[in-house]
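Residue numbers (the numbering used here), protein chains in the order written: chain A, 676 to 1696; chain B, 3 to 176; chain C, 2 to 464. C-beta: ideal position from N, C-alpha, C; glycine also.
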């Protein structure tokens, strides 16, 4: 109908026969268009210089111009705050004290927050907090793009309110049915949470709270309970130790929650001519063994015997179990223990209550000051028997509801399949989890929990030592804490934050300020508790010691410094983190002694481009079988195998991270010792990603200088010519120190700051926290397994690990010198390439040495790298054209080249390739482009920030105020950074210490990194 | 203005040499000689002056040397001295050893190229330059002597015929 | 005739009864004639190789240097090996034309043109590598002393790599003008013979209107002489500076004061070998046996033998000094070369460079065309391995054992190397078809003194 609407053009149309209307009908325009006026007058046309061609030219040009103008650079959105928060100054980092407690790692940390993004974890030094590699890397797990993003029911997203109401309803049903509710959590050591679980019990009745540690310390807990009446772990103050005897305890690793290296290192640095003596009995080569003065490799079964014998000799009881040739070693150890008396300690990692009791008993006999039973630690609470019972009950259908928090039994349980079967029989299964784990996949309700950097909470790491967890960023996803859920279910309307605050004010703080506690992150309540003494029948204990019979290998399971129990398996930093001992990344593998390898025809060899290949074997331990690669490990006890837990995760993992095999399958009855392991060598081979392909020092004594305590204390010796030789040259026919000779006048470096970094080889345990800290601080890219195999790791800071060919590095040098004549030399060198059966080990962190006479600087054609006023060797990335000449000419091989585009490149699908992962990048450090050289900058962004801070506050920089990421992360104090132009700075004295030496000093590069000679305590009592 | 020349052609360098000598002895002015290859002693016979091109090369070399010294002193010492591997960028003479190679290269560069350019300019050689040899065979196996005519054409021709020429041409030369 | 006297004892350098015109005709023949099948086969093969290499280069630039086999420890391998190899080859030409000119060696005249051509083409290949081995080729201009907008961003004149930039570019451009100046009379010859108008146009363009005036010849000879005088130290300086890339570094096996003479000798060695390779083919293909005689080949072989022995001495000296220095890093570097994982490369180098040239002591062998050809190839293989040994075996195990690793090339490394060989032959084959491959003007000037027929005649007169 709309078609026949009539539109009026003018009033004239009212008039029937109007000429105007008529004309209008016929021609479009009322008036003639004066075309003739325009085209008609010839001369104006001819006069105009614009021809048709010109016109087209102009059109063409303007179009081109327009289209050119359209091409702009990519638009980078930066959105300003609508309302700027008072506490955020763009470009200035805020620090928050909080606590990491994921059930495996417990640490008081400071979180560096930039523009509202947590970007780095640092140890909270004010409260003696310390961080390991995993804690350092945990910040990246926050930005894991595969995290659970919201609550799910049977895989379908639901809202929290629905979830809570549904679960609440179900719980009531179960309560009605009178079935028990099981709460399965990891070690939380959280008083408030325990209270909430108790509250849950009050609401629904017979709630059974089972604590489960993936890697269990149950035996130690039971032993301590048996002897001291409390289910906890004793604390050890290794700084007070003069003699440490460890039987299979990797206390520099994750033994009993770890975090002992700081104390240990204190005792290891010779002071007033004294340092501790450390004897290690173990089967795998562990960090502790690598740092020990004396390491005896022996199978797990022998470890038990050694412990028993040690106890016997200490207590003078009946000496059972003759174990030549170890007898002598044991009695020597015993003698030294006796000698040191209360300054000695014995620790053991044998997962058996009785073995643990023996160790405690010995320490009691010694009346050891090292072990602290008054203020025990709560970092492990798991109870194996109860976990086993729970699984049984589940399968028996005796469990109504299973509520899990922060555990992944479907992956970590040796009998995971049983557990999963049981889970089906449970009416209600709820999994609180941060990640999309194997367990989550099997549970009815998957409730997403926030990362600890998004959470509130409290942790009692040890008795009287309370720590607070506070959020440093708004939750990234639709997550809620376990505790909030508990509150909701128990009909408590307050938020967990309110509850926590109330709890602390009531229970913990005792009137002191909550804000202060929150600021410090820690509250230490004085008031010591008395220790309950329970007498134990040691005879029975000795009798009940386990005996590992049966032929075949004995498998010793362990956790790696990188992945630990495997919670952070989807963290690329940790996957690429080279294991301190094997220097291998992206894998777990069987470690086997050379002798066994040869006997079984297992090989490790380097392919054409140097990469390491190893045989695959089929490992069988009571019925379970797995195909695993073998890494031939010097120092591995004959007849024993090592295998790391924490690998082989499958759910919620990027494809690149699907590495290694799940060793929990072999973790029967939570014992790291497994007998009767048999292997079948397969024809296939495995490709390792190993960053260090040559293991020995080739007798090059000036790279890692080592001496023994006696020599070090011998004041008659001139260190410069004996145990800390300096290179000399002949000048004017006189022998002078090489460093005193110079071709040119040097620059004046006495004005302003001049930075040095001191690295104490005695204090460095090789833990690798610095490596990850450097990763985080400097936006070091992750390159992946394939590139690592091509020797293209990008780590700015690496920790070289060397094995000796003889029993120690000194004898290597002698052997080298002994090899005379062409053939003699040739053969000796060939031999020196192989490490000893049980070598001594040296760790040496190496980063750019910031040479004052830098070989890299002189050869750069474009002057892209030159020396800073403050001693730093600087890289101008924008100027670098990538000739790689500098890297070739670097004697320390610390320069790293960007072979590819590592950021925003789907070929390298790691954190720099996803929007979430990129949030961890440090805005103060450039992300390097393809084709440029990069290397350690001595954290110039940090030193400059320190200087600016001082400037703003109108004061000189304080003594020891300068820090680098590595020195900051180093909990053992091995790395000390500072300004040598400030005489008070700690580093100044260290640089002049008689232990101080420069790496490859004879080249004359004048480095600004100084190492401290490694001293070993070889005194046998 | 145009001038008449007699072009006497020879097919052997030795004959040419004798001819040149005779012609000069007979006080005829040799305008130009074209040869397919350098005939040694010819310039002497013709009484040409020695070329000074070698001297220019030397001077160009000096220029190159000075330029390189100035350049490196300006760049490395004056304009933006940096601490490069501890090398003494505060003093040209201490840092000089590293500059020697480039001083040498620059000297050679200047000397060689400027000399060749000079040569091309002086001898009027450059792309698109029209060749002016009287006979294409002069680049093959013919030797041409051009003698200017000043009114004595016939006498000159007959004289030249005696010098063992194989061909004689009288042309206008512009 | 006395002016053309040459001792009868000297062998004729131009064989057969030749007149000036014969020379003209025979030199012009390859240019004026049609290409034979052999040429087309050779050309298409080298073109294919060239294109393959080009593809590999584009792939490298598009993806990153990571497509090569390099790693954190071995930052240079095939790239710089090829660079030094090509530069080395690029030495013979200038050496032949300059040094032999200064020494008034007439026998150079038969071969200097092609030798110089070879020089220029191989220096082009060499120049390629320092550019493409950069991580950021698109910023290659940073190596030139061009300031930034603030005028304060400069290159680093302490860097041997920058010395290289200057040395290589000077060398390339100087040998180019040297070559071209020498070409002018011969281009002129072609121009004056040319019948096809296009040919005439081109040759008159490139001959710069050369006419052959007496004065021009005088200047011409002067210029050639001075250029020779300049080129001689230049050619020595170039490989000296290339050797500085290594000699001034701190890496054991690189940091060696013997490098400059040793590299120069090596360069001459490989250069002459390559000249032999090319000429033995060319004299057959463009039948120039009369001008490139056995005599030439033999003389070249003698030089190869001598330089080969010099290089051999250098190898031995290196080993001795390493031992004598008493520095364990030095000692190990050389032990590792001879007995380490790359020993095979070391012994290939030894046998090809030190042992094989010794056959040239026997006249029978050094006058055998076929044998000389084989040896010339062997020598070039050996010289490639010399550079590989120096670069890779020194880097892969240097100071800190923790960084020791190995290198193995990827197909891209190989493709690029083969590509440059292809490129080189493409250029050379085109040259052989369009350029006067023999300096005919110069040859004419020695015809009477060293021509076969004239010698017979003259020596006849003498008795």
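Any chain B beta carbon closer than 8 Å to residue 337/C: no
Residue of 1149/A, 768/A, 798/A and 1609/A minimising C-alpha distance to residue 1196/A: 798/A
Min CB distance residue 400/C to chain A below 8 Å: yes
Buried or exposed by the 16-neighbour rule on C-beta atoms within 10 Å, applied to residue 1709/A: The requested residue 1709/A does not occur in the structure, where chain A is confined to residues 676 to 1696.
Per-residue burial, residue 726/A [other beta carbons within 10 Å of its own, 16 or more giving buried]: exposed
Check whether residue 1760/A and residue 1440/A have beta carbons under 8 Å apart: Limits of chain A in this structure are 676 at one end and 1696 at the other, which puts residue 1760/A out of reach.
Sub-8 Å separation of residue 1471/A and residue 65/C beta-carbons: no
Interface positions of the stretch 211–238 of chain C facing chain B (Cβ-Cβ less than 9 Å), listed along the chain: 211, 212, 213, 214, 215, 216, 217, 218, 219, 220, 221, 222, 223, 224, 226, 227, 228, 230, 231, 232, 234, 235 and 238
CA nearest to the CA of residue 1126/A, picked from 1617/A, 912/A, 1155/A and 1116/A: 1155/A
Supposed close pair residue 146/B, residue 136/B - CB separation, criterion 8 Å: 6 Å
Span separating the alpha-carbon of residue 87/B from that of residue 71/C: 26 Å
Opening and closing residue of the beta strand (DSSP E) in which residue 1430/A lies: 1430–1435
Other residues of its chain near residue 1251/A: CB distance less than 6 Å, five sequence neighbours each side excluded: 1260 and 1457
Residue burial classification, residue 90/C (beta-carbon count within 10 angstroms, cutoff 16): buried
Residue environment, residue 220/B, which counts as buried when at least 16 other CB atoms sit within 10 Å: Summary: the structure shown does not reach residue 220/B, with chain B confined to residues 3 through 176, and so no result is reported for it.
Proximity of residue 451/C and residue 7/C at Cβ, strictly below 8 Å: yes
CA-to-CA distance, residue 1123/A to residue 876/A, given in whole angstroms: 23 Å
Between the CA atoms of residue 1187/A and residue 1695/A - distance to the nearest angstrom: 51 Å
C-alpha gap between residue 762/A and residue 1025/A, whole angstroms: 50 Å
Chain-ordered chain C contacts of residue 1256/A [CB-CB under 7 Å]: The contacting residues do not exist; residue 1256/A stays about 14 Å from chain C at best.
DSSP-derived helix/strand/coil call for residue 1268/A: coil
Backbone CA spacing between residue 463/C and residue 11/C [nearest angstrom]: Caution is warranted here: a pLDDT of 45 is assigned to residue 463/C, below 50, making its placement in the model unreliable, and no coordinate value can be reported.
Any C-beta of chain C under 8 Å from that of residue 73/B: yes
Helix, strand or coil at residue 798/A according to DSSP, with G and I counted as helix: strand
Contact with chain A by residue 63/B, beta-carbon distance below 8 Å: no
Endpoints, beta strand (DSSP E) assigned at residue 1306/A: 1299–1307
Closer than 8 Å to chain C by CB, residue 1687/A: no
For residue 453/C, the three-state DSSP class (helix, strand or coil): helix
Pick from 1535/A, 1389/A, 1139/A and 1159/A that is closest to residue 1131/A, judged by C-alpha positions: 1159/A
CA-to-CA distance, residue 16/B to residue 22/B, given in whole angstroms: 10 Å
Below-8 Å beta-carbon distance, residue 1583/A vs any chain C residue: no
Closer than 7 Å at the beta carbon, the chain B residues around residue 1558/A: The contacting residues do not exist; residue 1558/A stays about 15 Å from chain B at best.
Residue environment, residue 1280/A, which counts as buried when at least 16 other CB atoms sit within 10 Å: exposed
Where residue 158/B meets chain C, residues with beta-carbon distance less than 9 Å: Chain C residues near residue 158/B: none, gap ~19 Å exceeds 9 Å.
Delimiting residues of the alpha helix (DSSP H) encompassing residue 912/A: Neither: residue 912/A is in no alpha helix (DSSP H) and is coded neither H nor E.
Per-residue contacts from residue 351/C into chain E (C-beta, under 7 Å): Of the protein chains in this structure, namely A, B and C, none is chain E.
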